[in-house]
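J.:
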Amino acid sequence: MKKNEGKKGIFSPIKTSKIPDEVYKQIVSMISSGQLKPGQKLPPEREMASDLGISRQSIREALYRAETMGLIEVRQGEGSFVLSSVLECLKSPLTVLLEEEAERIFEFLEVRKLIEGWCAEKASTEATAEDLKKMGEILAKMESIGLADEEWEKVDVEFHLSIAAATHNVIAMHIMDALKDTFNAFFRFRQVITKPDKKGLILQHHNEIFEAISQRDPLLAKRRIVGHLDFIEKKIKEDMEKMQT
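FYI, the working numbering numbers position 173 of the sequence shown as 413, with every residue one higher than the one before it.
#1: How big is the Cα-Cα spacing for Leu469 and Ile299?
#2: Below 8 Å, how does it come out for the stretch 398-405 and the stretch 349-368: are there three or more Cβ pairs, yes or no?
#3: Would you report the Cα separation of Ile476 and Met309, rounded to the nearest angstrom?
#4: Report the partner residues of Gly319 according to the DSSP bridge assignment.
#5: Rounded to the nearest angstrom, what separates Leu338 and Glu478 at their Cα positions?
#6: So which of Met416, Asp396, Ile345 has the shortest CA-CA distance to Gln444?
#7: In terms of alpha-carbon separation, which member of Glu481, Ala360, Ser269, Asp291 lies closest to Met413?
#8: For Lys281, does the three-state DSSP call read helix, strand or coil?
#9: Expressed to the nearest angstrom, what Euclidean distance is found between the alpha-carbon atoms of Glu356 and Ala302?
#10: Identify which residue in Glu341, Glu347, Ile267, Leu292 has its Cα closest to the Cα of Leu311.
#11: Can Leu349 and Ile449 be called in contact, C-beta distance under 8 Å?
#12: CA-CA distance, Asp417 and Asp371?
#13: Could you give the first and the last residue of the continuous alpha helix (DSSP H) run that contains Ser454?
#14: Count the other CB atoms, across all protein chains shown, that sit within 10 Å of the CB of Leu419; report buried if there are 16 or more and exposed otherwise.
#15: Let me make sure I understand the geometry here. Which of Lys374, Thr422, Ala388, Leu354 has the alpha-carbon closest to that of Lys462?
#16: My assumption, with CB atoms under 8 Å, is that Arg296 sits in contact with Ala306. Please give the rounded CB distance.
#17: Using 8 Å as the threshold, is the C-beta distance between Asn317 and Leu282 below it?
#18: Measuring straight from C-alpha to C-alpha, what distance separates Val437 and Tyr264?
#19: From which residue to which residue does the alpha helix (DSSP H) around Met309 run?
#20: Quick check on Val322: buried or exposed, where buried means 16 or more other Cβ atoms within 10 Å of its Cβ?
#21: I need the DSSP call for Ala406, collapsed to helix, strand or coil.
#22: Please state the DSSP three-state secondary structure of Ala388.
#23: For Lys435 versus Trp392, is the C-beta distance shorter than 8 Å?
Next up, the structure:
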């Protein structure tokens, strides 16, 4: 008799091309309904994959998303635990909107171009030597060999925030800080920025943006950061089109 034969898991089999998204929705639903309670340990990845009939990689992606949203905590060597109820989870309304209406990511990117274009332009005239040093240190960190996807995402956001900080405009800094949790929350966005063949290009873009700011060239800095976000937008569109074919 097989190990899981006759045993009914708490998850329902997945029948869709967007597997990690569906697993995540089941997790949210079970936490929302109280089937999974704060402090409760989720089944092991292997068991969840068996119950759902999918790969462990899809389970990991769904768990990572739930962790990013503050719903669960993944403890090394112990497993995944529910942190809070959905209502208690302090999740950005913007993040929720992007989850429900994926196409809104392009509107979000339009706004980012406006805000970050201005920030890059302003930073080119206002950045101090300390600001430039900070940006350089972040880029050096991004160049680290073997940087894991999760850490890469954090450092990517850190670079964009460092540009806002270099404007010395408190409002701009607060706006960017408020948006930071939404930057990479969208699954398709994270897929683009963490692909091995894209990391090199993204790092190149960042270095070019930094170079323009260091050279005190506002128009070039603005053009380069908008071009960087145009590139991200193009790749997300390509990925979404592939999913629809």
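In this text, a Cβ means the ideal position worked out from N, Cα and C, and glycines have one as well.
T.: Taking the geometry as given:
#1: Roughly 29 Å between the two C-alpha positions.
#2: yes
#3: 21 Å
#4: Arg315
#5: 18 Å
#6: Relative to the Cα of Gln444, the nearest Cα in the group Met416, Asp396, Ile345 belongs to Asp396.
#7: Ala360
#8: For Lys281, the three-state secondary structure derived from DSSP is strand.
#9: C-alpha separation (whole angstroms): 30 Å.
#10: Ile267
#11: no
#12: 17 Å
#13: 436-454
#14: buried
#15: When C-alpha distances from Lys462 are compared across Lys374, Thr422, Ala388, Leu354, the shortest belongs to Leu354.
#16: That belief does not hold up - the Cβ atoms of Arg296 and Ala306 are roughly 15 Å apart, past 8 Å.
#17: According to the sequence shown, residue 317 is Gly rather than Asn. Taking 8 Å as the Cβ cut-off, Gly317 and Leu282 do not qualify as a contacting pair.
#18: Strictly speaking, residue 437 in this sequence is Asp, with Val absent from that position. In a straight line, the C-alpha of Asp437 is about 26 Å away from that of Tyr264.
#19: First-last for Met309: undefined, no H or E at that position.
#20: Buried, because 16 or more other Cβ atoms sit within 10 Å of the Cβ of Val322.
#21: coil
#22: coil
#23: Not a contact, by the Cβ cut-off of 8 Å.
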